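Trainee: Sharing a structure, written as structure tokens. Questions coming.
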Amino acid sequence: MNLYKVKDYQALSKKAASVLAAQVILKPDAVLGLATGSTPAETYAYLRKWHEDGILDFSEIKTVNLDEYKGIAKDNSQSYYTFMKEHLFDHINIKAQNTFIPDGEDTDSNSVCEKYEAQIMQLGGVDLQLLGIGRNGHIGFNEPSDCFMEHCHCVSLAESTIEANKRFFDRAEDVPKQAYTMGIGTIMKAKKILLLASGKEKAKALCQALRGPVTPGLPASILRLHKDVTVIADEDAWSGMEL
Ligand code: GLP
Numbered sequence: 005m006n007l008y009k010v011k012d013y014q015a016l017s018k019k020a021a022s023v024l025a026a027q028v029i030l031k032p033d034a035v036l037g038l039a040t041g042s043t044p045a046e047t048y049a050y051l052r053k054w055h056e057d058g059i060l061d062f063s064e065i066k067t068v069n070l071d072e073y074k075g076i077a078k079d080n081s082q083s084y085y086t087f088m089k090e091h092l093f094d095h096i097n098i099k100a101q102n103t104f105i106p107d108g109e110d111t112d113s114n115s116v117c118e119k120y121e122a123q124i125m126q127l128g129g130v131d132l133q134l135l136g137i138g139r140n141g142h143i144g145f146n147e148p149s150d151c152f153m154e155h156c157h158c159v160s161l162a163e164s165t166i167e168a169n170k171r172f173f174d175r176a177e178d179v180p181k182q183a184y185t186m187g188i189g190t191i192m193k194a195k196k197i198l199l200l201a202s203g204k205e206k207a208k209a210l211c212q213a214l215r216g217p218v219t220p221g222l223p224a225s226i227l228r229l230h231k232d233v234t235v236i237a238d239e240d241a242w243s244g245m246e247l
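Under the working numbering, residue 247 is the last one in the sequence shown; the count climbs by one each step, no gaps.
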């Protein structure tokens with residue numbers, strides 16, 4: 005694992021964007037695994053800027069997102085589909101047909117997940133997977149559980165995740181209770197993984213992921229078994245490592 009501690013969220017975002025930019029420059033037809041949430045938002049701002057400056061060309065890039073809420077309309081302001089359009093896709097020269105997100109509008113879980121898993125394989129797998137980390141150590145929407153789920157699946161969100169994500173919705177009742185997510189196996193098949201952690205509320209989960217046992221009770225801990233993982237954490241997220 006390559007571990008980088010940086011000062012703050014801005015520094016984290018710039019470094020993360022640099023890693024993604026290097027991938028885009030070195031392999032212009034790469035498959036990028038993308039994440040949503042507040043953590044990567046500023047990373048995407050750098051990518052937008054560097055595209056605008058003529059540094060990054062996304063015309064042959066393909067993207068697969070980690071997850072999407074189940075039963076949410078694409079045009080809902082809180083769908084991950086909308087998030088990706090607003091934060092990245094609408095501002096760069098990526099082709100819409102090269103961007104993939106689980107279909108949250110389709111409530112046939114088996115069909116959505118099978119199709120999505122097959123789609124990722126058809127693209128040849130993920131070259132670089134960007135990940136955030138949940139306060140409970142989840143990656144994508146793989147919540148703490150008794151076993152690692154291998155493939156894309158439908159998950160019931162943990163109460164703590166609904167609690168954490170309600171800040172984005174008008175009312176807590178509006179947060180979907182289920183989501184589609186890449187499985188742990190899907191994530192672990194990526195050639196390279198970039199994990200970002202920012203803020204004190206991530207300190208405990210990050211420390212457990214990097215130092216605790218590898219267990220489905222703390223899904224991010226599995227990343228220690230991957231051969232090419234880069235972790236970028238700001239000082240607040242890193243603070244648990246110094247106790
Ligand atoms: C969300 C997403 C994850 C994300 C995590 C952290 O629920 N499904 O992919 O990494 O929780 O989100 P944030 O970056 O907003 O803290």
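Glycine included, every Cβ here is placed at the ideal spot set by N, Cα and C.
Quick caveat, the model's predicted, so the values are computed rather than measured.
Please classify residue 185 as buried or exposed, where buried requires at least 16 other C-beta atoms within 10 Å of its C-beta.
Mentor: buried
Trainee: Is the distance from the Cβ of residue 73 to the Cβ of residue 83 below 9 Å?
Mentor: yes
Trainee: What's the call for residue 136, buried or exposed, on a 16-neighbour Cβ count within 10 Å?
Mentor: Burial check for residue 136: the Cβ neighbour count within 10 Å reaches 16 or more, so the residue is buried.
Trainee: Please go through the region 138-187 and give each complete beta strand (DSSP E) segment of 3 or more residues, from N-terminal end onward.
Mentor: 157-160 and 182-185
Trainee: Is residue 58 close to chain C? Criterion is C-beta to C-beta, closer than 9 Å.
Mentor: In the structure shown, chain C does not exist; there is a single protein chain.
Trainee: Quick one, which of 58, 237, 52 and 87 has its alpha-carbon nearest residue 69's?
Mentor: Closest by alpha carbon: 87.
Trainee: Under 8 Å: do the region 150-164 and the region 177-192 share three or more Cβ pairs, one atom per stretch?
Mentor: Contact holds: three or more Cβ-Cβ distances are below 8 Å.
Trainee: Answer with buried or exposed for residue 57, where buried requires no fewer than 16 other C-beta atoms within 10 angstroms of its C-beta.
Mentor: exposed
Trainee: Can you tell me whether residue 141 is buried or exposed, with buried defined as 16 or more other CB within 10 angstroms of its CB?
Mentor: buried
Trainee: Do residue 219 and residue 225 have their C-beta atoms closer together than 9 Å?
Mentor: Yes; because the gap between Cβ atoms is below 9 Å, this pair is in contact.
Trainee: Below 9 Å between beta carbons: does that hold for residue 236 and residue 8?
Mentor: yes
Trainee: Quick one: which unbroken beta strand (DSSP E) runs of 3-plus residues sit fully inside the region 58-82? Chain order, please.
Mentor: 66-69 and 71-73
Trainee: Identify every residue that forms a DSSP beta bridge with residue 104.
Mentor: 68
Trainee: Return the first residue and the last residue of the beta strand (DSSP E) that residue 86 is part of.
Mentor: Run containing residue 86: none in the beta strand (DSSP E); it sits in the alpha helix (DSSP H), 84-91.
Trainee: Does the ligand GLP have a heavy atom nearer than 8 Å to the CB of residue 83?
Mentor: no
Trainee: Would you tell me roughly how many angstroms separate the C-alpha atoms of residue 17 and residue 46, rounded to the nearest one?
Mentor: 6 Å
Trainee: Can you give me the Cβ contacts of residue 27 inside the same chain, cut-off strictly under 8 Å, excluding the 5 residues immediately before and after it?
Mentor: Excluding residues up to 5 positions away in sequence, 34, 36, 131, 132 and 196 lie with their Cβ nearer than 8 Å to the Cβ of residue 27 in the same chain.
Trainee: Rounded to whole angstroms, how far is the Cβ of residue 169 from the Cβ of residue 159, which I believe are closer than 8 Å?
Mentor: About 13 Å separates the two Cβ atoms, so there is no contact after all.
Trainee: Please state the DSSP three-state secondary structure of residue 234.
Mentor: strand
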